[in-house]
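Residue numbers (UniProt numbering): 1 to 547. Each residue gets a CB set at the ideal place from its N, CA and C atoms; glycine is no exception. Step one of this worksheet: look at the structure below.
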């Protein structure tokens, strides 16, 4: 992930990023006539207070993008305004009333009267005037709405789609932020509901015939639906860029074959869920390459969930298959909750059938931060013209690699991190590798890296945080730190203060022919975080210091 001293975050998507918009929407004046009840309900869901506004979130704690916002020093991300134009809301209200059995003429009369009354209260006139249904929090910039799909598709054309989909979120965004900040970060995480709605359709068997694979799904009705969903997302991103958004973090869909909504609710469709998740991500990766005018980074949540399930202990998890809560979004029954103790809850990966616990949310936020491999200001990088401070590098500078070759700098980025306001400052403090920590291998001078930045030792890449011994390698407490990364045409090993370290591995540069993402397929060397090779590297530290 690339962070250029971002000033704020604009968030878009579904319940995975919703800071309370769907709760505010389902509590709005339009909700009751449409048969909507406030959701999610607290308890058991987490309720956040934003000044005078209270809103519930689809987890047992803040969501991932709220954590990311806090990590970057912006405070808790709050829900933005939810609404729409008079024309849009009238159409939606009519369709909603008809869905409840109202005759068309009656539905039109009732809906028009309700919207006209709301418009009069807000002083709005004309079909294109913007009506606020839920005012959100003052200055709120999280426009994601729970239940949102990318937009209308062949198999998903419910009357409620235009109330929450990406086009609706774009309308809300434009109304609240007429001129986006050029240095803001916009996050987009959506697509899961498009897939889940298909999987839960009674006619899914006709959309996804038996024997369908990743190679053949494109010609099925389900595949065609995915193509439209991705086109909706790409169109939305294009609209953001056209409006002046220049930095985007796009999260791919997680491996939905692993979520309880499928494993417990539709176990016979786990294979289909895997294929559709992979296919959506394949299309998304490919089509994002057509978007110009912005720096786009893809976060790999597909592999993240798979890794958490395969290695639960690494995340502090004990249960990666069941849900903490199995009840309704609108009515809470205590017997549907495994435990009300947050400590117990956070040993689970899933809070409900598809949303992560606070532990899972933190993992997604940490992944976003870890996507940026960083050097601190002043770190000297070996180049063809000598050692150059990282902040002085420019595109085209020739970097000397550990193997003696050279590669040109493609891009240099930076981020300023407010460690003092971070909920766990210890986890983001820079790691100091003392001069001579690895003997003749370096570094020549003390080297400071971000915790997840890997050094190259005996053919393996090892994140700095796994080498901390409190002596040769130690975390350094600080209030703020500026991290830099150096992007080359490919992931490679360069020399920082003489020590072999990785360059930035940009997930935006992934192959178009999507494959399940593993480090070996994308990194220049094996990533080692445990086992005998890590032990050997740590032993080298002790040996070098003793000598």
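- When the five nearest sequence neighbours on each side are left out, the beta carbons in the same chain lying within less than 8 Å of the beta carbon of residue 489 are those of 407, 408 and 410, in order along the chain.
- Within 10 angstroms of the beta-carbon of residue 362 lie 16 or more other beta-carbons, which makes it buried.
- Assignment of alpha helix (DSSP H) within the stretch 190-255, counting only whole runs of 4 or more residues, yields 192-199, 204-207 and 221-242 in chain order.
- For residue 98, no beta strand (DSSP E) run applies; the uninterrupted alpha helix (DSSP H) run containing it begins and ends at 86-99, by DSSP.
- Inclusion of residue 473 and residue 527 in the CB contact set at 8 Å is not warranted, their separation being larger than that value.
- Between residue 110 and residue 97, the CB-CB gap stays under 8 Å.
- Collapsing the DSSP output to three states places residue 47 in a strand.
- Residue 476 is classed as exposed because its beta carbon has fewer than 16 other beta carbons within 10 Å across all chains shown.
- By the 16-neighbour rule on beta-carbons within 10 angstroms, residue 83 is buried.
- When secondary structure is reduced to three states using DSSP, residue 475 falls in the strand class.
- The C-alpha of residue 38 lies about 21 Å from the C-alpha of residue 357.
- Around the beta-carbon of residue 49, fewer than 16 other beta-carbon atoms lie within 10 Å, marking it exposed.
- Taken through DSSP and simplified to helix, strand or coil, residue 402 comes out as coil.
- For residue 350, the closest of 309, 451 and 213 by C-alpha to C-alpha distance is 309.
- When DSSP states are grouped into helix, strand and coil, residue 524 belongs to the coil group.
- In the three-state scheme derived from DSSP, where H, G and I count as helix and E and B as strand, residue 25 is classed as helix.
- Here DSSP, grouped into helix, strand and coil, assigns residue 185 to strand.
- As DSSP reads the structure, residue 501 sits in a beta bridge with 455 and 494.
- Runs of the beta strand (DSSP E) spanning 3 or more residues and lying entirely within the stretch 415-459 occur at 431-433, 447-449 and 454-457, in chain order.
- Separation of residue 327 and residue 337 (C-alpha to C-alpha, rounded to the nearest whole angstrom) is 8 Å.
- Residue 319: member of the beta strand (DSSP E) spanning 319-323, first to last residue.
- Judged by DSSP in its simplified three-state form, residue 380 adopts strand.
- The beta carbon of residue 418 is closer than 6 Å to those of 73 and 480 in its chain, skipping five residues each way along the sequence.
- Bounds of the beta strand (DSSP E) holding residue 486 are 480-487.
- Annotation for residue 445: 435 and 497 place their beta carbon closer than 7 Å to its own, counting only its chain and skipping 5 residues before and after.
- In the DSSP assignment, residue 133 falls within the beta strand (DSSP E) that extends over 130-134.
- DSSP places residue 271 in the uninterrupted alpha helix (DSSP H) bounded by 270-288.
- Per DSSP, residue 296 lies in no alpha helix (DSSP H) segment; the continuous beta strand (DSSP E) that holds it begins and ends at 295-299.
- Per the DSSP secondary-structure output, residue 13 pairs in a beta bridge with 189.
- Within the same chain, and ignoring the five residues on either side of residue 503 in sequence, the residues whose Cβ sits closer than 7 Å to its Cβ are 486, 487, 488, 491, 492 and 494.
- By the 16-neighbour rule on beta-carbons within 10 angstroms, residue 459 is exposed.
- Contact between the stretch 384-404 and the stretch 257-270 is absent: fewer than 3 CB-CB pairs across the two stretches fall below 8 Å.
- Shown here, residue 173 sits in a helix according to DSSP, grouped into three states.
- In the structure shown, the three-state DSSP call for residue 344 is helix.
- Scanning its chain for C-beta atoms nearer than 6 Å, with the 5 sequence neighbours on each side dropped, one finds around residue 500 the residues 402, 456 and 493, in chain order.
- Between the alpha carbons of residue 523 and residue 538 lies a gap of roughly 22 Å.
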